[in-house]
Amino acid sequence: MEEFDYVIIGGGSAGCAVASRLSENPKTTVCLLEAGGAGNNWVVKAPMGIAIMVPSKTNNWAFETVPQPGLNGRKGYQPRGKALGGSSAINAMVYIRGHRSDYDGWAALGNTGWGYEDVLPYFKKSEKNEVVQDAFHGTGGPLNVTSIRTSNPFQEYFLDAGRQLQLPVTSDFNGTDQTGLGVYQVTQKNGERWSAARAYIEPNLSRPNLKIITGAYARKILFDGKRAIGVEFGRDGKVESVRARGEIILSSGAFQSPQLLMLSGIGNAPDLKSLGIEVRHHAPAVGQNLQDHIDFAFTYRSKTLDNFGISFGGLRRLWREIGRYRSDGIGMITSNVAECGGFLKTDPNLQAPDIQLHFSMATADNHGRTRHLGHGFGCHVCLLRPKSRGTVMLNSADPAAPPRIDPKFYDHPDDLEVMVKAFKITRRIMDAEPLAKWRTAEIYSESVRSDEEIRNILRDRSDTVYHPVGTARMGTDETAVVDPQLRVSGVAGLRVVDASIMPSLIGGNTNAPSIMIGEKAADMIRAA
Ligand SMILES: Cc1cc2nc3c(=O)[nH]c(=O)nc-3n(C[C@H](O)[C@H](O)[C@H](O)COP(=O)(O)OP(=O)(O)OC[C@H]3O[C@@H](n4cnc5c(N)ncnc54)[C@H](O)[C@@H]3O)c2cc1C
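Each residue of the sequence shown is one higher than the one before, counting from 227 in our numbering.
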């Protein structure tokens, strides 16, 4: 069995950062196991590839939730990256860190070292911002952050709609104040997606002490008593194992990290026993505390070719845009679809914005799975700090079976009521003249007026905006899954390092925070 100092399970946003940082020391050997492929072909590199990956199984686990009573019994869709880079290989590339108070909230729960001032250096360490250079931003890190290169006039129409309503406009959501509308910065370089793999792994592929095994699906963590010592994984139809002298780092994301803990005997003992899994450590909190951004999307038809769509004119334009992209790395192909958006408060007395908008240059209906003839645009609005709490459990003891995902969307009644306010705020922006003049129809919500009608359409049409977290909760209390050093309680030699450790969902997109978690964990591991 090959042996390494560290074995990392999952080459996603956090896993790539940890693998790269730990292998900076040439004397430290690191093995990174990734279930998906290399994630380095054109569909990942060209930002518009998102339109192919999110609705399909290309580099995507494409999970489903169990039927959600809060969504009138519908099943939710949960795309997750399945390639080196993880979800950063398929995501919308929006560069957001969340609000200062999110991290101060983590620290206030007893998670020493996770306050905003503690995590800011790690955001900066990871970042190479090509545009903003001030005390909030880094310029020497591996993660390239820059302006989008599409020049789509709808960015300005969206901001003008906000100005008409006296909403603030910001050029940096990650600076002093998050509030307002703006054009998002993106994790791209020269018009290409800058996934965690491109940032952290590709430049270091020649390190002899860093072994990357793709197509390696971890089946369980191997133990000697209470100490994690190795990983069993499947590859090319065979079962193989690797051993760790130092530690095993579980970075398989908010759905699959708890799944692997449970498959390895760490979870709620009665549930594990009922599936015939030998209990290593009774940890009932594993898979609990799932939080996700519930989202509603306004969808409009338009006639302009500035929006993506299916038409002869659109095809001609696409052909031209492919040429522009190939020669200069600019234009529509560099679009992340959600080019602009904002952070707003549904109640002016709130300390931080509680809703986020993603304005989309296409209808992007039903995660891009419902296609419309013609062109269109849309605007997503999501709830940043939902009170509903869901679970990730096992469907079966078979490692190949998908986890049982139950986000319990709208389970807490307050979530729906805040979304009613969010719906009304977003509609005012979309109804302002600079945007309204471009639409020919509001596809689903034209006739929706009363609060009851809004509640109904929210239940009928809401779903995730892709930020599940919290299923291996960090904390200092008895029920926390990991401690503030991210060590799994009750066993030795095992940490969880990814979005699952977040005690509460941050107010914003979760890629940069997951990378920050990876950066910070690497320092903790090196110091251990
Ligand atoms: C469609 C979409 C759009 C998004 N848009 C944005 C955005 O614009 N901005 C933003 O900030 N965030 C966005 N996000 C969220 C963000 O990308 C994720 O929160 C973040 O990437 C999570 O990082 P992670 O390290 O926790 O997990 P992931 O990056 O998901 O990594 C987990 C990795 O583990 C691997 N894995 C899983 N199980 C196993 C196993 N058993 N064995 C081996 N490997 C395994 C997976 O294949 C994957 O590579 C989006 C996400 C999605 C899905």
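Note that the Cβ used here is the ideal one computed from N, Cα and C, for glycine as well.
Ligand 1 heavy atom lying under 7 Å from the CB of residue i
i, result
"T589", "no"
"R306", "yes"
"H693", "yes"
"N416", "no"
"T560", "no"
"T284", "no"
"S313", "yes"
"S537", "no"
"D462", "no"
"T596", "no"
"Q482", "yes"
"A277", "no"
"G696", "no"
"L486", "yes"
"M742", "no"
"Y232", "no"
"Y212", "Residue 212 falls outside the range modelled here, since the chain spans only 227 to 754, and no answer is possible."
"N737", "yes"
"G549", "no"
"M319", "yes"
"Y443", "yes"
"I322", "yes"
"I316", "yes"
"V646", "no"
Where residue i falls, given that 16 or more other Cβ within 10 Å makes a residue buried
i, result
"R597", "exposed"
"M279", "buried"
"V357", "exposed"
"L258", "buried"
"P639", "exposed"
"Q392", "exposed"
"A738", "buried"
"K308", "buried"
"Q577", "exposed"
"L599", "exposed"
"K634", "buried"
"S726", "buried"
"S676", "exposed"
"M227", "exposed"
"S500", "exposed"
"T402", "exposed"
"G299", "exposed"
Within 8 Å, strictly: CB atoms of residue i and residue j
i, j, result
"Y321", "M742", "no"
"P729", "M700", "yes"
"L610", "G733", "yes"
"Q517", "V695", "yes"
"V292", "D689", "no"
"A190", "T572", "Not covered by the structure: residue 190. The range shown for the chain is 227 to 754."
"I455", "L448", "yes"
"N400", "S246", "no"
"A588", "N533", "yes"
"V717", "R471", "no"
"T666", "G604", "no"
"F569", "M645", "no"
"A511", "T736", "no"
"T396", "M319", "no"
"G236", "D591", "no"
"V371", "A748", "no"
"S477", "I234", "yes"
"E565", "N355", "no"
"H191", "L642", "In the structure as shown, the chain begins at 227 and stops at 754. Residue 191 is therefore absent and cannot be evaluated."
Same chain, Cβ closer than 8 Å to residue i, five either side skipped, listed in chain order
i, result
"G555", "R375, N416, G417 and E418"
"K452", "R506, H507, G716, V717 and A718"
"I559", "A272, P273, M274, G417, E547, I548, R550 and Y551"
Neighbourhood of residue i by C-beta distance below 7 Å, restricted to the same chain and skipping five residues each side
i, result
"K351", "G364, G367 and E745"
"L531", "G539, G540, R543 and H601"
"A627", "N621"
"V674", "I680 and I683"
"N435", "S249, P252, T254, T255 and V256"
"T284", "V269 and I278"
"N515", "R615, G696, T697 and R699"
"S490", "K446, I447 and R506"
Own chain partners of residue i with C-beta closer than 6 Å, once the 5 adjacent residues on each side are dropped
i, result
"G311", "G265, S421, A422 and A423"
"G502", "A623"
"G441", "R461"
"W332", "W340 and P729"
Any non-hydrogen atom of ligand 3 within 7 Å of residue i CB
i, result
"N592", "Summarising the ligand content, the structure contains ligand 1 and does not contain ligand 3."
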